[in-house]
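Engineer:
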Amino acid sequence: MTTELEIVGEEPPLPVDTRTRLFSIAHNSLANALRHSSASRLTIRLQFDDDAVRLTVSDDGVGLPDDYESRGRGFSNMRRNAERIRGQLLIESPGKDQGTTITCTIPANPSGTPAKSAESST
19 MTTELEIVGE EPPLPVDTRT RLFSIAHNSL ANALRHSSAS RLTIRLQFDD DAVRLTVSDD
79 GVGLPDDYES RGRGFSNMRR NAERIRGQLL IESPGKDQGT TITCTIPANP SGTPAKSAES
139 ST
C-alpha cells in the first residue's frame, strides 16, 4: 500500500484533549482502512486554516457496506470524539470499489474562547 501524508498550513495551539481526540479519529480511520479496505493507496491530509483544522483520511479501496454504521463501534467512537471537540465527521463512500474518505473538521479554537495572543500587554 502506498501512503501519502500532506500537512498544509501552520498548526494552531490546540488543547491536549483536542489533540488526543483528533489523533484517535486518525488512528481509527487508518486502522479501518488497513484492516478492511484492500486499498492500494492511502492519503492522510491535515490542513490548518485560520478558522478550522481538517483531518482527511482517504483510500482507493472497496468502499463501505450500506450498513457500516451498525458494524462495530469504530465509527460511533469517531463521531463521539468529533462532537466532544465541537467538530463534524463526514464519512463518504460513493460505491463499491470507489474508496472511502473520512473528514473531521474542528474549529481552530475548539474551546470557544478567544485564542491567546503570542504577545501580552502588561
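Residue numbers (my numbering): 19 to 140. All C-beta atoms, glycine included, are put in the ideal place defined by N, C-alpha and C.
1) In the DSSP assignment, the alpha helix (DSSP H) including residue 162 goes from what residue to what residue?
2) Whole angstroms is fine: what's the gap from residue 106's alpha carbon to residue 97's?
3) Exposed or buried, what is residue 53 when buried is set at 16 or more other beta-carbons lying within 10 Å of its beta-carbon?
4) Do residue 70 and residue 123 have their CB atoms nearer than 7 Å?
5) The alpha helix (DSSP H) with residue 100 in it runs from where to where?
6) Alpha carbon to alpha carbon, what distance is there between residue 100 and residue 28?
7) Looking only at its own chain, which residues have a Cβ that is under 7 Å from the Cβ of residue 6, when we skip the five neighbours before and after it?
8) Expressed to the nearest angstrom, what Euclidean distance is found between the alpha-carbon atoms of residue 104 and residue 125?
9) Can you tell which of 90, 115, 116, 76 has the C-alpha that lies nearest to the C-alpha of residue 23?
10) In the DSSP assignment, what residue or residues form a beta bridge with residue 22?
Structural biologist: Considering the structure as presented:
1) Residue coverage of the chain in this structure runs from 19 to 140, which leaves residue 162 outside it and unanswerable.
2) Along the sequence shown, one-based indexing puts residue 106 at 88. Along the sequence shown, one-based indexing puts residue 97 at 79. So the alpha carbons of these two residues sit roughly 7 Å apart.
3) Stepping through the sequence shown from its first residue, residue 53 is reached at position 35. That one is exposed.
4) Here residue 70 refers to the residue found at position 52 of the sequence shown. Here residue 123 refers to the residue found at position 105 of the sequence shown. Yes, the Cβ-Cβ distance between residue 70 and residue 123 is below 7 Å.
5) For this step, residue 100 is matched to residue 82 along the sequence shown. Segment 92 to 102, the alpha helix (DSSP H) holding residue 100.
6) Numbered from 1 along the sequence shown, position 10 holds the residue referred to as residue 28. Numbered from 1 along the sequence shown, position 82 holds the residue referred to as residue 100. Spanning the two alpha carbons is a distance of roughly 21 Å.
7) Summary: the structure shown does not reach residue 6, with the chain confined to residues 19 through 140, and so no result is reported for it.
8) Your numbering for residue 104 matches position 86 in the sequence shown. Your numbering for residue 125 matches position 107 in the sequence shown. Using only the alpha carbons, I get a separation of about 7 Å.
9) Looking up residue 23 in the sequence shown gives position 5. From the listed residues 90, 115, 116, 76, the smallest Cα separation to residue 23 is found for 76.
10) On the sequence shown, residue 22 is found 4 positions in, with the first residue counted as 1. In the DSSP output, where bridge partners are listed per residue, residue 22 has 61.
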